[in-house]
Structures are given as C-alpha cells and as structure tokens.
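A.B. asks: Pasting a structure here, questions to come.
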Amino acid sequence: MILAGPWVFAVLGSVSGPVLALKIPFTMLKSNYYNPVEMWSNMRRGLAQVTQILKDVDRKTASLSIGHVKLIKGDTEDEESFKEERGKIDYWDLFITCCIKESKQIQTLGWISQDDVTSASSTSTIAIPGVSIIAVLVDSIKRSKKDKTLIYWNEENKCRDSNRDYTDNVANVFWPQLMKVKDALMSIEDLDAQATWISASLCDGEDEKSDQLRSVVEDLSMGEAAHQKCLRIRAMVENIVHSLLRVQEMTSRMNRIFVSVDDEVKIEETRI
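Structure (structure tokens):
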C-alpha cells in the first residue's frame with residue numbers, strides 16, 4: 007500500500023489537471039456571455055484562475071500531508087472572506103442617497119450655491135454626482151486597500167467584481183470606468199487632500215467662484231505632477247457623469263438630489 011500510494015496520487019493528479027484547467031476557459035466564456043464589452047478584462051479574469059487553482063490545490067494537498075506543509079505561502083482568510091453570494095444591490099437608490107448627502111456637504115462648505123442646486127444648474131448637475139462618485143470610491147479605498155474592486159456603500163451593501171450582477175448591462179458599462187478612477191485614486195500620494203481638490207474642482211463651473219471654493223481650487227501646493235494626475239481623474243469622473251445623465255434610472259431620480267440645505271431644514275422642522 008505504501009508503494010502504491012504515490013502512484014495513485016500521481017495518476018489522480020494527471021487526470022484531475024486537465025479537468026481543473028477547464029475552469030479557465032469556462033470563466034472566460036461565462037464572463038464574456040454576461041459582459042461582452044469587457045472582452046480583455048474577461049480574458050484576464052479567466053487567466054487569474056490559474057493562480058487560484060494552484061492555491062486551492064496546494065491548500066488541499068497540504069491538509070493531507072504530514073505537517074500540513076504548503077508550497078504557496080500566504081494568508082487565505084482574506085480571499086475566503088471576499089467570496090460572497092452573487093446578488094442584486096439597489097445601487098441606484100444608494101447612489102442617490104449619497105448624492106443627497108454630498109449635495110448638502112458642498113453647499114455647507116460654500117463650494118456651490120443653494121440657488122445653483124434648487125435651479126438644477128449645469129454646474130450642480132455635474133458636481134453633485136461627480137463629488138458623490140469620488141466620495142464613494144475614497145471611502146472604499148479607506149475601507150480596504152487590498153480589495154481593489156470593492157465598492158463600499160455600507161456594511162450591508164458591499165459590491166465587488168466577485169459578487170456583482172453580470173446580467174446588469176448598465177453596471178457592466180460603468181464598472182470598468184469606475185475601476186479606472188479608483189485605480190487612479192489609489193495611486194495618488196495624499197488621498198484626502200487631493201480627493202478634496204478634485205471634488206472642489208468639479209464644483210468649479212461658474213465664472214464667479216465663492217471665496218471658499220477659490221481657496222481650495224487655487225491651492226496647487228500638491229505639485230505639478232500631482233496636479234496633472236488630479237485633472238485626469240476629474241476628466242474621467244466628468245465623462246462618467248455625462249454618461250450617467252443619459253441613463254433613465256439616473257434621470258428619473260435626479261429631482262431628489264436638488265434640495266438646498268435650507269429646504270432640508272424646513273422639511274425636518276415640519277416633521278418635528
């Protein structure tokens with residue numbers, strides 16, 4: 007039995023190898039079926055299964071070996087925690103809630119006037135969703151720098167590439183664009199300061215700036231290289247917002263974000 011054991015395991019390894027390898031083209035085809043727009047990303051997603059298969063095999067064989075020796079070192083607890091059931095997240099209402107919060111914030115900071123918000127000016131139409139996108143992505147980065155595809159809404163709603171709904175065509179279009187912005191934000195040195203500058207610059211759509219907005223936008227102490235990177239991030243966010251404004255799910259909810267701080271206070275007083 008001792009002499010036959012290694013040969014049995016060798017045969018099982020030879021037979022199971024090609025079967026396990028089928029997971030790579032299967033992942034490519036499955037991802038491409040749901041989201042043909044991201045063909046190259048789907049290929050990378052499939053090829054990424056190579057390392058995952060090796061880790062799974064190493065973990066399984068280590069559990070059978072004497073001393074539980076693994077060839078691939080690393081903590082797999084984080085990887086396991088990311089494996090969640092794929093489900094639907096009501097991201098439209100979550101995003102609108104974030105827009106309402108950020109709208110009140112930029113009004114309080116004096117970056118945009120209440121008149122601009124209540125009149126749904128072109129500046130506020132771009133600024134509020136844009137600042138909200140930055141806020142969500144920055145919060146997601148702070149929650150976990152390792153989880154590069156995390157979109158953190160709240161403790162109950164955490165969207166990742168591993169659990170998002172691939173059948174949602176609107177999300178399939180915006181997901182790669184958001185990931186590019188997040189990747190760019192992760193590459194900047196002072197996240198809070200430079201994200202603040204990007205958010206303020208998104209509110210800079212009028213000829214006359216408020217003193218509060220001017221003090222932030224005209225502060226270029228970050229350096230020329232960082233400034234150019236922030237401008238590129240701002241441009242990417244603006245492109246996303248312009249595309250969002252063509253989506254019915256967004257336009258049908260837009261009226262909810264154009265509420266001034268004073269109106270919000272009056273609503274709260276009425277409730278009391």
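Note that this note's numbering has the sequence shown beginning at 7, numbered continuously upward.
By construction, the Cβ of each residue, glycine as well, lies at the ideal position given by its N, Cα and C atoms.
In its own chain, which residues sit with a C-beta less than 6 Å from the C-beta of Ser-128, not counting the 5 before and 5 after it?
C.D. replies: Within the same chain, Ser-128 has no close Cβ partners at all.
A.B. asks: On the premise that Ile-147 lies in contact with Leu-208, defined as a C-beta separation below 8 Å, what is that separation, rounded to the nearest angstrom?
C.D. replies: Actually they do not touch by this definition, with Cβ atoms about 18 Å apart.
A.B. asks: Okay, do the segment 243-257 and the segment 134-146 touch, 3+ Cβ pairs below 8 Å being the bar?
C.D. replies: Enough Cβ pairs lie closer than 8 Å, so yes.
A.B. asks: Which residue comes first and which comes last in the beta strand (DSSP E) that contains Lys-164?
C.D. replies: Here the beta strand (DSSP E) through Lys-164 covers 163-165.
A.B. asks: Could you tell me the distance, in whole angstroms, from the CA atom of Ala-68 to the CA atom of Lys-76?
C.D. replies: About 5 Å.
A.B. asks: List the whole-angstrom C-beta distance separating Leu-53 from Ile-78, where the pair is believed to meet the contact cut-off of C-beta under 8 Å.
C.D. replies: The Cβ separation is near 17 Å, so there is no contact.
A.B. asks: Looking at the secondary structure, which residues open and close the alpha helix (DSSP H) in which Tyr-172 lies?
C.D. replies: Run containing Tyr-172: none; DSSP gives neither H nor E here.
A.B. asks: Enumerate in chain order the residues of its own chain whose CB-to-CB distance from Ile-106 is below 8 Å, with the five nearest sequence positions on each side excluded.
C.D. replies: The answer, listed in chain order, is Arg-262, Ile-263 and Val-265.
A.B. asks: Of the residues Leu-219, Gln-111, Asn-175 and Ser-168, which one's Cα is nearest the Cα of Gln-290?
C.D. replies: For residue 290 there is no data in the structure shown, the boundaries of the chain being 7 and 278.
A.B. asks: Hey, would you say Ser-216 sits closer than 8 Å to Gly-116, going by beta carbons?
C.D. replies: Cβ distance < 8 Å, so Ser-216 and Gly-116 count as in contact.
A.B. asks: Buried or exposed for Glu-86, please, with buried defined as at least 16 other CB atoms from any protein chain shown within 10 angstroms of its CB.
C.D. replies: Only weak support exists for where Glu-86 lies, its pLDDT of 44 falling under 50; the value from the coordinates is given anyway. Exposed.
A.B. asks: For Ile-157, report the span of its beta strand (DSSP E) as first-last.
C.D. replies: Element bounds for Ile-157: 157-160.
A.B. asks: Roughly how many angstroms lie between the CA atoms of Arg-149 and Cys-165, to the nearest whole one?
C.D. replies: Cα to Cα, Arg-149 sits roughly 13 Å from Cys-165.
A.B. asks: Count Cβ pairs between the segment 177-190 and the segment 233-249 that sit closer than 8 Å; are there 3 or more?
C.D. replies: The answer is yes - the segment 233-249 touches the segment 177-190, with three or more Cβ pairs under 8 Å.
A.B. asks: Once DSSP output is grouped into helix, strand and coil, what is the label at Leu-115?
C.D. replies: Of the three classes helix, strand and coil, the one that applies to Leu-115 here is helix, per DSSP.
A.B. asks: Do you know how far the Cα of Phe-101 is from the Cα of Ala-232?
C.D. replies: If you take the alpha carbons of Ala-232 and Phe-101, they lie about 28 Å apart.
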